[in-house]
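S.K.: After the structure tokens below, expect a handful of questions from me.
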Amino acid sequence: DEAAIEFRLVSNDRMSPHREAAGLLAAKMADLSGHEEAALDAYRGFIKRWPDSPQGRDARLRIARLELARGENRRAILRLKSILQRAPESRAGHAAFEELKKLAAGGNILARTDSPADRLARLEWLVRERRFAEALEPAKAFLSSVKGRHRAPERIRALEILAKIYAQTRRE
-13 DEAAIEFRLV SNDRMSPHRE AAGLLAAKMA DLSGHEEAAL DAYRGFIKRW PDSPQGRDAR
47 LRIARLELAR GENRRAILRL KSILQRAPES RAGHAAFEEL KKLAAGGNIL ARTDSPADRL
107 ARLEWLVRER RFAEALEPAK AFLSSVKGRH RAPERIRALE ILAKIYAQTR RE
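In structure tokens form, the structure reads like this:
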């Protein structure tokens, strides 16, 4: 408990260069001590306080796992998908993908990661990351897979993605 108090003191010290790390360590201490509610509050507080922190992905992942353990599957799945959308190539993104894969294998339809929306999100992430060569073929494949009037918004998004790729790579 002394360490948790010290971590909280450091995380609240505006002059400390270790505020962010101490905030995450305080959450981890509560988590490892089995204080689930305190851990959730601390992880959520960390994310609220440092929303752009790279460690925020790990905090979000831990929150999702705690939510799964509590049976809050829908909330956890949405959080896992958010991690996967924001940073699919990060350690947390890979872990989120594995968690979703396990849930989908267990029959949870919401946990599937191969829906058109998920595929578009991945393509948009590749374009944001300027990974045009990697996005080109999947974007073409996606465009050819979406057929019918009811899929018009998805086709338009795919065409916009392809237009960005072509504009950036000057391909025709």
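Residue 150 in the working numbering sits at position 164 of the sequence shown; the count goes up by one each step and never skips. Beta carbons are placed, not taken as given, at the ideal position from N, Cα and C, and that holds for glycine. Owing to the predicted nature of the structure, the values given are computational and were not obtained by experimental measurement.
Under the rule that 16 or more other beta-carbon atoms within 10 Å means buried, what is residue 33, buried or exposed?
M.R.: buried
S.K.: Measuring straight from C-alpha to C-alpha, what distance separates residue 130 and residue 51?
M.R.: 36 Å
S.K.: Would you mind giving the Cβ-Cβ distance between residue 70 and residue 49, rounded to the nearest angstrom? I have them listed as a contact below 8 Å.
M.R.: Actually they are not in contact, since the Cβ atoms of residue 70 and residue 49 sit about 14 Å apart, beyond 8 Å.
S.K.: Across the stretch 86 to 93 and the stretch 58 to 68, are there enough close Cβ pairs to call them in contact, namely three or more that are closer than 8 Å?
M.R.: yes
S.K.: Can you tell me which of the three DSSP states residue 132 falls into?
M.R.: coil
S.K.: What is the rounded straight-line gap between the Cα of residue 7 and the Cα of residue 135?
M.R.: Each residue's CA atom was taken as its position, placing residue 7 and residue 135 some 50 Å apart.
S.K.: Assign residue 127 to buried or exposed, taking buried as 16 or more other Cβ atoms, counted over all protein chains shown, within 10 Å of its Cβ.
M.R.: exposed
S.K.: Who are the near neighbours of residue 154 in its chain, counting only those whose CB is closer than 6 Å to its CB and skipping five residues on each side?
M.R.: 118
S.K.: Throw me the rounded Cβ distance for the residue 90 and residue 98 pair, which I believe falls under 8 Å.
M.R.: 5 Å
S.K.: Use the C-beta contact count for residue 9: other C-beta atoms within 10 angstroms, 16 or more gives buried, fewer gives exposed.
M.R.: buried
S.K.: Going by C-alpha distance, which of -12, 56, 72, 3 is nearest residue 104?
M.R.: Sorting -12, 56, 72, 3 by C-alpha distance to the C-alpha of residue 104 places 72 at the top.
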